[in-house]
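In what follows, a single structure is set out as structure tokens and then discussed.
2 protein chains.
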Amino acid sequence: MTLSEENYLKAIYHLEQLSGSGVSTNALAEEMQTKASSATDMVKKLADKQMLIHVPYQGATLSDAGRSHAVKVIRKHRLWETFLVEKLNFKWDEVHDVAEQLEHIKSEKLIDELDRFLEFPKYDPHGDPIPDKNGKFNTIEKITLTQALENKSYRCIGVKDDSSQFLKYLDSNQIGLGTSFEVVHKEPFDQSVKIKLKDKELVVSQSVAKNLFLETL
Amino acid sequence: MTLSEENYLKAIYHLEQLSGSGVSTNALAEEMQTKASSATDMVKKLADKQMLIHVPYQGATLSDAGRSHAVKVIRKHRLWETFLVEKLNFKWDEVHDVAEQLEHIKSEKLIDELDRFLEFPKYDPHGDPIPDKNGKFNTIEKITLTQALENKSYRCIGVKDDSSQFLKYLDSNQIGLGTSFEVVHKEPFDQSVKIKLKDKELVVSQSVAKNLFLETL
DNA sequence: ACCTTTTTTTAGTTTTGTCTAAAAATATAA
DNA sequence: TTATATTTTTAGACAAAACTAAAAAAAGGT
């Protein structure tokens, strides 16, 4: 698998998870920041390699081999992110681009030893679960802040958007993984949410609320 | 710099060190396991990018920018090799191929933090010096076992050949970095060398002797 | 100096992954 | 259902980095 093929597999896996079904050429091109014709070309190549099933004009669905390979890349990405934060003093908003490069390094021993070195972490710095050597990983039910109820308490356990911009916003408002707060008010007009956090009140917009994963306390 | 360009720069740097002068197209093609025409193409490209000076039919010489970039890649390679051996349980004969991939990861913070994490090592697992952030590194005078004198004692401080085959040969004969021994006899007929190592005598061929770096005891 | 051999360069192709432009298939809507 | 819009695919081109084959330059030997 080339670097480009792996990136497409990861994108298709991601879109399948979101929609629960096959992935359209346009959606894939959008995700990959490229043109539909390029996406078609790559989908055909991955179909040749038995990584997915492609019905022309009806999108692509990963095969077991394709899904398994995508999960391996995701495992590598999340382990490297964990390494960067735990051992190399990276902040959670600095790891993404470097991990995008490191996830393509080919060496099974490398990744399994890294896993051991990090003591088999279950979650990465953004709260995403890390697949184990066999591709298994936890999927706990998480809600977003948009779905939370007034006057209940929650703990932040993940982020949907891991862009540097969003993570820096959270940092500057003292929200991180493990942060607990109470939902004070949900504003129907603009879907903003007022929360009480360490005795301070904070209003976050809908764009923020929909990207915060919570567990009920 | 692309992956391929970096690999050529590294090869040119290596050959310049060996010969002390400019690098011929044929030598470069040989080092890169490719054809002379491919080497010419790349040399022209690197000349365009001001990484080297190319006089047609007279070989290539690295510019300061080219040498500096080559040293950066070497720094990364040797730091990653050190990481693999020190932290991830790799043997010294297992690191080369993985480090060849890792040396191309682009992130200054990554490599400087890795350096700190490893506590600023001065030598890699094969005894080669690791350039610091500014590209400076130790160059101690080392001799090879072929140059050693009878009835004198030496310590192994490096290897010229870091192929898995050679390193496994050394392992199986209990020779590693730091191993000390005495030269018992140099055989003029075939340049083989008899050494006394931990009270056992061992004869090594010329091919082995010329790839072992020593310091005098 | 001349011929031969070796080295280096040039010219033209290939493969991978991208692009644009246009054609074909599907979906939507009057 | 028929026209329009959207989505997807095809066709043809391009850049990077490799190749083969052939031409050009340099080096060596007599």
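Protein sequence lines, in the order shown, are assigned to chains E and A.
Residues 1 to 217 (the UniProt record's numbering) are what the first sequence spells out, left to right.
Residues 1 to 217 (the UniProt record's numbering) are what the second sequence spells out, left to right.
Glycine included, C-beta positions come from ideal geometry on N, C-alpha and C.
All of these numbers come straight from a predicted model, not from anything done at the bench.
| Item | Value |
| --- | --- |
| Chain A partners of Gln-101 of chain E, CB-CB under 7 Å? | Ile-105 and Lys-106 |
| Just to confirm, is the Cβ distance from Leu-114 of chain E to Leu-214 of chain E under 8 Å? | no |
| Using a cut-off of 7 Å between C-beta atoms, extract the partners of Phe-117 of chain A located in chain E. | Lys-87 and Leu-88 |
| Would His-104 of chain A pass as a contact of Glu-30 of chain A if the rule is Cβ separation under 8 Å? | no |
| Who are Arg-155 of chain A's beta bridge partners in DSSP? | A:Ser-180 and A:Glu-215 |
| For my contact list, Gly-66 of chain E and Leu-46 of chain E are in at a C-beta cut-off of 8 Å; report their separation, rounded to the angstrom. | 7 Å |
| Closest by CA to residue 305 of chain A, which one among A:Gly-20, A:Thr-61 and A:Ser-37? | There is no way to answer for residue 305 of chain A, as the model of chain A reaches only from 1 to 217. |
| Given that a residue counts as buried once 16 or more other Cβ atoms are within 10 Å of its Cβ, and exposed if not, what is Tyr-13 of chain E? | buried |
| Whose C-beta lies closer than 8 Å to the C-beta of Lys-35 of chain A among residues of the same chain, with five residues either side of it excluded? | Ala-29 |
| Measuring alpha carbon to alpha carbon, tell me which residue in A:Thr-2, A:Val-55 and A:Val-85 is nearest Val-23 of chain A. | A:Val-55 |
| In terms of alpha-carbon separation, which member of E:Arg-116, E:Lys-186, E:Leu-110 and E:Leu-217 lies closest to Phe-90 of chain A? | E:Leu-110 |
| Within 8 Å, do at least three Cβ pairs link the segment 128-138 of chain E to the segment 136-154 of chain A? | no |
| Report the rounded CA-to-CA distance for Lys-87 of chain E versus Phe-83 of chain A, giving the unit in angstroms. | 12 Å |
| Looking at Phe-181 of chain E: is its Cβ nearer than 8 Å to the Cβ of Lys-196 of chain E? | yes |
| Taking a contact to mean a Cβ-Cβ separation below 8 Å, would you say His-126 of chain A touches Trp-80 of chain A in this structure? | no |
| Would Thr-139 of chain A pass as a contact of Arg-155 of chain A if the rule is Cβ separation under 8 Å? | no |
| Identify whether Val-95 of chain A lies in helix, strand or coil by the three-state DSSP scheme. | coil |
| State the start and end residues of the unbroken alpha helix (DSSP H) segment that holds His-54 of chain E. | Premise fails: His-54 of chain E lies in the beta strand (DSSP E), 52-54, not in any alpha helix (DSSP H). |
| Checking the sheet assignment: what are the DSSP bridge partners for Ile-143 of chain E? | E:Leu-214 |
| Closer than 8 Å, CB to CB, is residue 249 of chain E near chain A or not? | Residue numbering for chain E in the displayed model covers 1 to 217; residue 249 of chain E lies beyond these limits and cannot be assessed. |
| Quick one: what's Glu-201 of chain E bridged to in DSSP? | E:Lys-196 |
| Please check the pair His-69 of chain E and Met-51 of chain E, which I expect to be a contact at CB under 8 Å, by giving their CB distance rounded to whole angstroms. | 7 Å |
| Which of the three DSSP states, helix, strand or coil, is assigned to Leu-62 of chain E? | strand |
| Could you tell me how far apart the beta carbons of Leu-158 of chain A and Asp-128 of chain A are, in whole angstroms, since I believe they sit closer than 8 Å? | The residue you asked about is not Leu; residue 158 of chain A is Gly in the sequence shown. Confirmed, Cβ separation roughly 6 Å. |
| Could you check whether Asp-162 of chain A and His-96 of chain A sit closer than 8 Å to each other, using their CB atoms as the reference points? | yes |
| Using a Cβ-Cβ distance under 8 Å, would Glu-5 of chain E count as near chain A? | no |
| Which residues does DSSP pair with Val-23 of chain A in a beta bridge? | A:Ala-60 |
| Nearest-angstrom Cα distance between Gln-206 of chain E and Ile-74 of chain A? | 48 Å |
| Please list, in chain order, the chain E residues whose beta carbon lies closer than 7 Å to that of Leu-114 of chain A. | Leu-88 |
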